[in-house]
Structures are given as C-alpha cells and as structure tokens.
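**Student:** Count the sequence shown with mature numbering (1 follows the signal peptide of the UniProt record, and there is no 0) and you get residues -26 to -1, 1 to 641, in order.
Backbone N, C-alpha and C define an ideal beta-carbon position, used for all residues, glycine too.
Got a structure here, written out as structure tokens. Questions coming.
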Amino acid sequence: MECCRWTAAGTLLLASLILSSRTARSEEDRDSLWDAWGSWSECSRTCGGGASYSLRRCLSSKTCEGRNIRYRTCSNVDCPPEAGDFRAQQCSAHNDVKYQGQLYEWLPVSNDPDNPCSLKCQARGTALVVELAPKVLDGTRCYTESLDMCISGLCQIVGCDHQLGSAVKEDNCGVCNGDGSTCRLVRGQYKSQLSASKLDDTVVAIPYGSRQVRLVLKGPDHLYLETKTLQGVKSENSLSTTGSFLVENSSIDFQKFPDKEILRISGPLTADFTIKIHYAGAADSSVQFIFYQPIIHRWRETDFFPCSASCGGGYQLTSAECFDLRSNRVVADQYCHYYPENIKPKPKLQECNLDPCPASDGYKQIMPYDLYHPLPRWESTPWTACSSSCGGGIQSRSVSCVEEDIQGHISPVEEWKCMYTPKMPVVQPCNIFDCPKWLAQEWSPCTVTCGQGLRYRVVLCIDHRGMHTGGCSPKTKPHIKEECVVPTPCYKPKEKLPVEAKLPWYKQAQELEEGTAVSEEPSFIPEAWSTCSVTCGVGSQVRLVKCQVLLSFSQSVADLPIDECEGPKPVSQRACYSGPCGGEAPEYTPEETQLLHGGLQELDELYDWEYEGFTECSESCGGGVQEAVVTCLNKQTREIADETLCVSSRRPPQLLKACSLDPCPPR
C-alpha cells in the first residue's frame, strides 16, 4: 500500500503537469486555427529602409486569436545622395494635382509631434500647410533624426540593428550596440592671435569619420571650411549664410549671428575637414569645439609565418601590424602607438611540420634551431636624436638579422633568416607635435571701479598637450598689462535705505535656489550650497558652478569650458547668517547697525575687493606662476576687512602671470 500513497507534493506536481499540458494544447489549438504564414511582400522601398509584410488566413468559422499580418524591415542600405528624401518625394507627387483650384509645389513638413505618420506638406513660398494624406507610405521615417518608421499609419520603434521593436542604439562612435571604444572625445579652445601678416588661421583639423561635431565662435571673426576627400580632392566653403547644406555629402547646420557663429555636423564626416577662421575685426575671437574622432589605426594580427623547418618538427609565429582603416593598408607602428586605447597583441607560437624527415634526406631545417635554440631575430641600434625638437623631424637607426647560439653568443646572419617577421623600420618621423606657442587668456576687470586703472591677463607658453612649458620666443609674447578707463564718476550720491531693510547677507540666505536641468544647449549648472562655515553669526557658503551640455546621441552630460556658456554665471559664494551666538541678542558693527536702521551708505559702497600685489613665484627657474592677492578693503579707512563684508560685490577673477622664465641650469 505504501507505493500507492500520494503526498501533497505529488498532487501539486500532477496538477502542474495537467495544467501545462492543457496550456500547450490550447496554444496548439489556437495556432491550428490559422493557415501557414504567406511569403513576404515586396519591400516598400528599394533603399533607405522600408517595410515588408506577410499574411495568414483564419481557417475557423469563429474569430482567431492573434494578428493576421506581420511586418519586418527590408532594403536597409543607404540611398544615393541624389535620391532625395522619401517624405519629400511623396509631397512632390501632389505637385500636378490642384488644391482648391490652384497648383502648388509641395515641401515636406517633418517631425510632427502629434501625428508623425501623416503626410503634411507646405506650399513653397507660403504659410499654407495641408495634410495631403492620412498616412505616409510604409517605411517613411517618423522623425528625421531617428530610424523609427511608419507602418500602416503608426510609428514603430526600430533599433540600430534595423529590427522592429529593437531598443539597441548606436554609441557615440556610430557603432550599433557598441561600447564607445572605437573613438575618442576631442574638445578644446582656440583663441585668435591678431597679426598684421595673417588674414586667417587654422582652428582645428577634424578627420574623416568624425561625429557629433560642434563649434561655437564668439567674436567678430568668421568661420570657413576646407575639405579634402580620401582621393585628394580639395574644396572650400565660405559659410556665408545661415542654413543647412551638404559639403562632401556631409550635412552641415550653420547659424550666423552678429557676434557669434555655431557650426554643427552630426556626421560621420565623408572627408577630412579643416575649420579655419578669417580675421574680420580688431577684437580677439574664441572658438570652442567638441567632436568624437574615430580611432583609424588599429593593430591587426598576421597569419602564421612559414614554418622554421621542412620536416621533423618546427615552429611558426604570428606578429601584429598597424592597419589604417581608411586606406586599408599597413602603416608604421607609431601610428597605432598614438592611441593609448590600442594594445598590441602578443605573438602566438605553434609547432608545425611534425612528420619525421626521410632517412635519405640530409637537409632538414630551413633555419636550424630547436627548443633551446632561439629563432633568428631582427636587432636594432638605438634611434638617433630627432632632427627637430618640435614641429616634425626624422630619426634613424640600423637594423640587422642576428642569431643566438646555445651558449648565448649573438652573431649576424643573412637577412632571409629573419623574413618570417617584418623588418623593423630604419627611419621614422619624430616630435611631430606642434611647437609651443603663446596663449593669452581673457582680460581681467579693470583694477578700479571708476576712472583710470590697469587690467591684466595671463599669457602662458603652452605645448601641444595644453600644458604650461617653456620654449616660446620672448619676442612674440603678447603684453600682459594695459591701461583701462571705467566711464563711471568716482563719486556718487549716497542714498538712504528703507528702515525695514535687512542685512544683505541675511536676505541672500533666505533666497531659494531653483534647480537648473542640463539641456542640449550649454548652460550653467550650479551644485548645492555647502553648509554655513559657522554655527552662529555671519559666515559664508560656497558651491561649484559648471558649464555643461547634454549629448543627444549618448544622453550623457559633458563638462565644457566656462566660456562656452552664455548669460550671467550664478554666484559661487555667498554669506549666510546662522542666528545669534550664545542665545543673546545679536550685536552688529556700527556699519551693520546703520544698515538695519536706515544708514546713509550701503554695504557695497563701504567695502570692495581690490588686488594687492602677487604671491611669490611657484618656481625659481624654468617657468612658474604668480597669483594675484585679492583682499576686502574698507574704502574709507583703506584697512583690510573681513571677506564676508564684500559678499555683495562680485569677487574679481583669479589672475595669474608667468615668472622665472629663464631655463634652469643643468644639474
């Protein structure tokens, strides 16, 4: 009887098996009500991504569950440039059809947020926008910057793998579902250096295949483009008007303002672009740039070289060569060494020709060696000194084939014995980076708030990495100090404050800060205020303010130089009041008491920031930096005051100047 008893677990297991069997049978029954899927229809487009469908028929007299149509993408190859936009073709098909008794030339209206899959068109030269069809043709892009496509009047999600319903996206390098390792982010700043002998200058060279290019020029000068295709064809574009246009099949978006120019190229670039600046005014201009540059040189592992022995057992090796992805050819190794992301693969070794040699064959090995006999190898002398310290030079060395015997003695041998691996180059370029040059920063505010004073700027000798260095010619160094005039009278009438006025720092402490979201336009993003520096009385708070932009492709936030953001920068320091100390009534200085009770002077008229000389040089030779000392002064007594009394005035910017530029003596 023991074998016939059911446990509770056994009962549950049986019920589960019965339920799953019924579920499977019901699914089979449901599918059996449908006929087999039919063949796929012809693609709705011949290029640029279209849609194809397949149908099936319900075999039951009742309603079948599920859909009788399914879709897939097709023709996922780029259209030639002359093919034009698919939505524009559908609009132009109505050009010979009268609308309200009149013929129009219809242009597409894209990116409709409410109904992206309707065919809305605008009559050229007018504000007339008409829905010419409730649905666009299958395969039409929902939005210009998206792969999502309209199918049967509905917008369907399409991933970068061209599959319907896929959420796979391209990385910043343009690789579908990539990890961003095939490109690098490049960003920097260019400042114009006016010269009577130069009418233009190069801002930055952006290589073929780069993406998400963005440049912003601020100042009176003007940007223009030079391009060079892989076939060596050169051209130039003046960028004279605002608009979107094609340059070497790359779509350019250019905006021109009275004091600013913005250039955007989504990419990938189909040629090498050189961005240049044409000097047009007496004032300096600055250009901020950012783009993703492809890593075009990569290590590639070679096949195994010929076996070292014809029989009786030998060895063969692989090697690695630097490969140019653009020209599809092998180049010198230093091109791959330029990218730290590139890691050269190690050689692989394997045995070969293991069959024994015939007894009558007295010749076994092409290159005699065994397990204890290393392969012949290339050996080189050290590189000679570079012919130039910067700007590109040449260095050389000698390379020979050597062999090491069992005792470790090395002797030269014929070069053919080393031909299983490429011979090392005997000449190579060196110090190809740009020579150091002077870089002048922005001018400081005038040292006075009225009348005549001085303003300063930092001028540093910058190398190709953007680091402070030496080597620039003193004759070409821009000046670091000049006179300035503030057109403000040095005396102004004093105004009384209302009796109910509070201390400026107390009012500031009560203000609420509104959060700022990062957008696709550069904007100032302040972080949270720090806690007050004191637990009672008057103290100070600080916070970090960054210039940031949202990268639309990767949905990531990138930090930009402060100059990239427009508008007033939020304050990064303010006073705070933590209540009276010791529970007693607060005590104020005479100046503070006057403010509370309607004194005759505001705090910012009594105290202000002023420069008080420079600190000692950070280096004794070889180039150093001195920092300007900023103090809070009482304007009447000229005595140094607590910095919290100057919070109502904007703290002047940090000033640096170069010092001790003489080279250090050799040790």
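Count the other C-beta atoms from every protein chain shown that fall within 10 angstroms of the C-beta of Val400, then say buried if there are 16 or more, exposed otherwise.
**Tutor:** That one is exposed.
**Student:** Note down the Cα distance separating Gln484 from Lys609, rounded to an integer number of angstroms.
**Tutor:** Any reading at Gln484 must be qualified, since the residue scores a pLDDT of 35, below 50, and its modelled position is unreliable; no value is offered.
**Student:** Given that a residue counts as buried once 16 or more other Cβ atoms are within 10 Å of its Cβ, and exposed if not, what is Phe60?
**Tutor:** Answer is buried; the Cβ neighbour count reaches 16.
**Student:** With distances taken from CA atoms, which of Arg158, Glu56 and Asp175 is nearest Tyr164?
**Tutor:** Cα-wise, what sits closest to Tyr164 is Asp175.
**Student:** DSSP on Leu518, reduced to helix/strand/coil?
**Tutor:** If DSSP states are grouped into helix, strand and coil, Leu518 belongs with coil.
**Student:** Starting from the Cα of Ile251, find the closest Cα among Leu199, Thr276, Arg300 and Gly287 and give me that residue.
**Tutor:** Nearest C-alpha to Ile251: Leu199.
**Student:** Which whole-angstrom value is the C-beta distance of Leu102 and Leu93, which I expect to be below 8 Å?
**Tutor:** Not really, about 15 Å apart at Cβ, beyond 8 Å.
**Student:** Quick one: what's got a C-beta closer than 7 Å to Leu7's C-beta in the same chain, skipping five residues either side?
**Tutor:** Correct list, in chain order: Cys32, Leu33, Ser34 and Cys38.
**Student:** Please tell me whether Ser293 and Pro194 are closer than 8 Å, where the distance is taken between their beta carbons.
**Tutor:** For Ser293 and Pro194, no; Cβs fall outside 8 Å.
**Student:** Please classify residue 642: is it buried, with 16 or more other beta-carbons within 10 angstroms of its beta-carbon, or exposed?
**Tutor:** In the structure displayed, the chain extends from -26 to 641; residue 642 sits before or after that span and is not available.
**Student:** 8 Å is my cut-off, CB to CB: does Arg371 come that close to chain D?
**Tutor:** The structure shown has no chain D; it contains just one protein chain.
**Student:** Would you call the CB atoms of Cys464 and Gly425 closer than 8 Å?
**Tutor:** Yes, the Cβ-Cβ distance between Cys464 and Gly425 is below 8 Å.
**Student:** Just tell me which of Phe278, Leu299 and Tyr117 has its CA closest to the CA of Cys326.
**Tutor:** Checked all of Phe278, Leu299 and Tyr117; the closest Cα to Cys326 is Phe278.
**Student:** Leaving out the 5 sequence neighbours to the left and right, which residues in its chain are closer than 7 Å to Ala502 when beta-carbon positions are compared?
**Tutor:** The residues are Arg517.
**Student:** Quick one: which unbroken beta strand (DSSP E) runs of 3-plus residues sit fully inside the stretch 401 to 445? Chain order, please.
**Tutor:** Runs of the beta strand (DSSP E) inside the stretch 401 to 445: 401 to 404, 411 to 414, 425 to 430 and 433 to 436.
**Student:** Looking only at its chain, what residues have a beta carbon closer than 6 Å to the beta carbon of Ala602, apart from the 5 residues adjacent to it on each side?
**Tutor:** For Ala602, where only same-chain residues beyond five positions count, the Cβ hits under 6 Å are Tyr585, Phe588 and Leu629.
**Student:** With distances taken from CA atoms, which of Cys555, Leu243, Tyr430 and Leu189 is nearest Pro419?
**Tutor:** Selected option, being the one with the closest Cα: Tyr430.
**Student:** Identify, in the order they occur along the chain, each residue of the same chain with its Cβ nearer than 6 Å to the Cβ of Asp135, setting aside the five sequence neighbours on each side.
**Tutor:** Answer for Asp135: Val142 and Cys150, listed in chain order.
**Student:** For Asp636, I'd like the list of residues in its chain whose CB is within less than 7 Å of its CB, leaving aside the five on either flank, ordered along the chain.
**Tutor:** Only Cys595 meet the Cβ criterion.
**Student:** Can you name, in chain order, every residue of its own chain whose Cβ lies under 7 Å from the Cβ of Leu434, other than the five neighbours on each side?
**Tutor:** Leu413, His442 and Ala632, listed in sequence order.
**Student:** Around the Cβ of Gln262, are there at least 16 other Cβ atoms within 10 angstroms (buried) or fewer (exposed)?
**Tutor:** Gln262 comes out buried.
**Student:** Kindly give me the distance between the Cβ atoms of Glu495 and Cys521, rounded to whole angstroms, as I take these residues to be in contact under 8 Å.
**Tutor:** Contact doesn't hold; Cβ gap of about 11 Å is too wide.
**Student:** Taking only runs that begin and end inside the stretch 58 to 113, name each unbroken alpha helix (DSSP H) of 4 or more residues, in chain order.
**Tutor:** Counting whole runs of 4 or more residues, the stretch 58 to 113 contains the alpha helix (DSSP H) stretches 60 to 66.
**Student:** Which value, in whole angstroms, describes the spacing of the CA atoms of Gly23 and Thr118?
**Tutor:** Answer to the nearest angstrom: the Cα atoms are 13 Å apart.
**Student:** Between Pro350 and Glu315, is the Cβ-Cβ spacing less than 8 Å?
**Tutor:** Against a cut-off of 8 Å, the Cβ pair of Glu315 and Pro350 comes out as no contact.
**Student:** When DSSP labels each residue in this structure, what does Gln229 get in the three-state scheme?
**Tutor:** Looking at Gln229 - three-state DSSP - the assignment turns out to be strand.
**Student:** With a CB to CB cut of under 8 Å and the five nearest residues on each side skipped, what residues in its chain are close to Leu121?
**Tutor:** Answer for Leu121: Gly23, Arg115, Val132, Gly133, Cys134 and His136, listed in chain order.
**Student:** Just list the beta strand (DSSP E) runs in the stretch 283 to 332, keeping only unbroken ones of 3 residues or longer that don't cross its boundaries, in chain order.
**Tutor:** Here the runs fully enclosed are 288 to 291, 294 to 298, 303 to 305 and 323 to 326.
**Student:** For Ser28, which residues in the same chain have their Cβ closer than 6 Å to its Cβ, ignoring the five residues on either side in sequence?
**Tutor:** So the list reads Trp11, Gly12, Trp14 and Arg44, once near-sequence residues are dropped.
**Student:** Determine the extent of the beta strand (DSSP E) in which Glu119 is found, giving its start and end residues.
**Tutor:** No beta strand (DSSP E) contains Glu119, which DSSP labels as neither H nor E.
**Student:** Residues in the same chain with beta-carbon distance under 6 Å from Gly367, minus the five sequence neighbours each way, listed in chain order, please.
**Tutor:** Cβ within range, chain order: Cys360, Ser361, Cys404 and Asn405.
**Student:** Assuming Val604 and Trp583 form a contact by the criterion Cβ under 8 Å, report the distance between their Cβ atoms to the nearest whole angstrom.
**Tutor:** Between Trp583 and Val604 the Cβ distance is about 6 Å, and since that is below 8 Å, they are a contact.
**Student:** Less than 8 Å between the C-beta atoms of residue 645 and Ser240, yes or no?
**Tutor:** In the structure as shown, the chain starts at -26 and stops at 641, and residue 645 therefore has no counterpart that could be examined.
**Student:** Are Val190 and Lys234 touching if we call contact CB-CB under 8 Å?
**Tutor:** Contact: yes.
**Student:** Check Glu210 in the structure and name its three-state DSSP category.
**Tutor:** If DSSP states are grouped into helix, strand and coil, Glu210 belongs with the strands.
**Student:** Quick check: the Cα distance between Ala57 and Met123, rounded to an integer number of angstroms?
**Tutor:** So the two alpha carbons sit approximately 18 Å from each other.
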